[in-house]
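K.L.:
One structure is given below, represented as structure tokens, and several questions about it will come after.
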């Protein structure tokens, strides 16, 4: 327990003004250092969480949680296969589509892309995981002739809704006169933003009937994607789905074909956490140095208190209270500062970009178009607890030194 006497002495030293023994300026500097360190850690971890969740959301919206891919690149009787896998209670919905590499030609410019043939139901902002529909409208007829382009691809080719564009397939078409390239011109029906740069510069969507005709797939698809309730459970569901599918297709899931990205993100989060935590460690030892200075300056006061009957434990508690108060104020200020930064992240980013003339969030490097911060309160609590614990550790050496002060030798020297 902490007595009123110990609280009173701690408060006096904390709020003292002027003189060499004043803690006020030293305490403010130490608190500011801790506040900046805590705010940095919370902000960095929130941005890392937002980047990870945003990227995974975009990737899952584009590819699905589980993919069934046909041996030889084609799945026949896909309607029946969809019905069978949808019986599983963990499957929310499924979508069959075709996928093939193509070349788009416009005004002498060519660009490689990935063409996907979707059902009309799949063509929706929710179904395709698009951030927004920028121009035009999605095709409602599965036999309609028209293309949906990612906005970066449309920009690279210099096309807009209503323009005709030539699509070329790498697969040769057999004719009575020999093999020739398979190509045709189609109008651009819509331009969309998916939110992942690599998808935005390579996505071409088309009605599934058009895709099957163009690629000579008849009534076949290349892939069936499945969506589940909890994407983290897909490794457990893979065997069940494979048993249902049998040898008609092989099963993969998003953790497998994005393992390098997920692993890199997790490693980066841990590395950033450790680096910024070291900043907090350095900051809290400002408390230790300031308390050592206070112990030295208040040596005579400590000696007088000891001769008046104050116990070593009381002196120890006084300096621990001071250190924890300095650390606590810094931690609370850091949490508040982090909240302000996270709430105004876009404005701060824009201001820094204008001031420095730099693009801090290049989507071609960062994969996704927008910077997002997600606060995980468990991490915030852990950060606060860690900083408070480190503050406590930093107070122990100077507090022990104060408690071990020999009043007789101090008063003799005075």
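Numbering (UniProt numbering), first residue to last: 1 to 414.
All residues carry an ideal CB built from backbone N, CA and C; glycine is no exception.
Is there contact here, the segment 149 to 161 with the segment 196 to 210, by at least three beta-carbon pairs under 8 Å?
P.N.:
Segments in contact, yes.
K.L.:
Can you tell me which of 68, 259, 63, 59 puts its alpha carbon nearest to the alpha carbon of residue 240?
P.N.:
68
K.L.:
By DSSP's criteria, residue 101 is part of a beta bridge. Which residues make up the other side?
P.N.:
According to DSSP, which records beta bridges pairwise, residue 101 is partnered with 114.
K.L.:
What number of angstroms, rounded off, separates the C-alpha of residue 147 from the C-alpha of residue 208?
P.N.:
Going by the C-alpha atoms only, they are around 11 Å apart.
K.L.:
Start and end of the alpha helix (DSSP H) containing residue 267?
P.N.:
Segment 259 to 297, the alpha helix (DSSP H) holding residue 267.
K.L.:
Per the DSSP calculation, residue 90 is bridged to which residue(s)?
P.N.:
Its beta-bridge partners do not exist; DSSP assigns none.
K.L.:
What distance in whole Å lies between the Cβ atoms of residue 322 and residue 14, which are believed to be in contact at a cut-off of 8 Å?
P.N.:
6 Å
K.L.:
Cβ atoms of residue 100 and residue 185: under 8 Å apart, would you say?
P.N.:
Against a cut-off of 8 Å, the Cβ pair of residue 100 and residue 185 comes out as no contact.
K.L.:
Would you call the segment 272 to 287 and the segment 304 to 321 in contact, with 3 or more CB pairs under 8 Å?
P.N.:
In short, these stretches do not touch, since the Cβ pair count stays below three.
K.L.:
Assuming residue 331 contacts residue 34 (C-beta within less than 8 Å), just tell me the rounded distance between them.
P.N.:
6 Å
K.L.:
Below 8 Å on the Cβ atoms is my contact criterion, and I expect residue 181 with residue 106 to pass it. Report the Cβ-Cβ distance as a whole number of Å.
P.N.:
Actually they do not touch by this definition, with Cβ atoms about 16 Å apart.
K.L.:
Taking only the alpha-carbon atoms, compute the straight-line gap between residue 94 and residue 334 and give it to the nearest angstrom.
P.N.:
46 Å
K.L.:
With distances taken Cα to Cα, identify the nearest neighbour of residue 30 among 328, 136, 354.
P.N.:
When C-alpha distances from residue 30 are compared across 328, 136, 354, the shortest belongs to 328.
K.L.:
Label residue 118 either buried or exposed according to how many other C-beta atoms from any shown protein chain fall within 10 Å of its C-beta, with 16 as the threshold for buried.
P.N.:
By the 10 Å Cβ count, residue 118 comes out buried.
K.L.:
Hey, how far is the Cα of residue 351 from the Cα of residue 42?
P.N.:
21 Å
K.L.:
Please report the distance separating the alpha-carbon of residue 49 from that of residue 80.
P.N.:
40 Å
K.L.:
Applying the 10 Å Cβ sphere with the 16-neighbour rule, what's the burial state of residue 20?
P.N.:
Unreliable positioning characterises residue 20 in this predicted model, as indicated by a pLDDT of 48, which lies under 50. The coordinate reading is nonetheless provided below. Classification of residue 20: exposed, given that the 10 Å Cβ count is below 16.
K.L.:
Helix, strand or coil for residue 193, going by three-state DSSP, please let me know.
P.N.:
strand
K.L.:
Using the beta-carbon count (16 or more within 10 Å), is residue 417 buried or exposed?
P.N.:
Residue coverage of the chain in this structure runs from 1 to 414, which leaves residue 417 outside it and unanswerable.
K.L.:
Check the DSSP bridge columns for residue 68 and list the partner residues they point to.
P.N.:
In DSSP, residue 68 forms a bridge with 224, 251.
K.L.:
May I ask you to report which of helix, strand or coil DSSP gives residue 48?
P.N.:
helix
K.L.:
Could you spell out the range, first to last residue, of the beta strand (DSSP E) harbouring residue 203?
P.N.:
203 to 207
K.L.:
Would you mind working out which of 44, 11, 344 sits nearest residue 376, comparing C-alpha positions?
P.N.:
Nearest of 44, 11, 344 to residue 376, Cα basis: 44.
K.L.:
Below 8 Å on the Cβ atoms is my guess for residue 217 versus residue 139; work out the distance and round it to an integer in Å.
P.N.:
Contact between residue 217 and residue 139 is ruled out by a C-beta separation of about 18 Å, above the 8 Å threshold.
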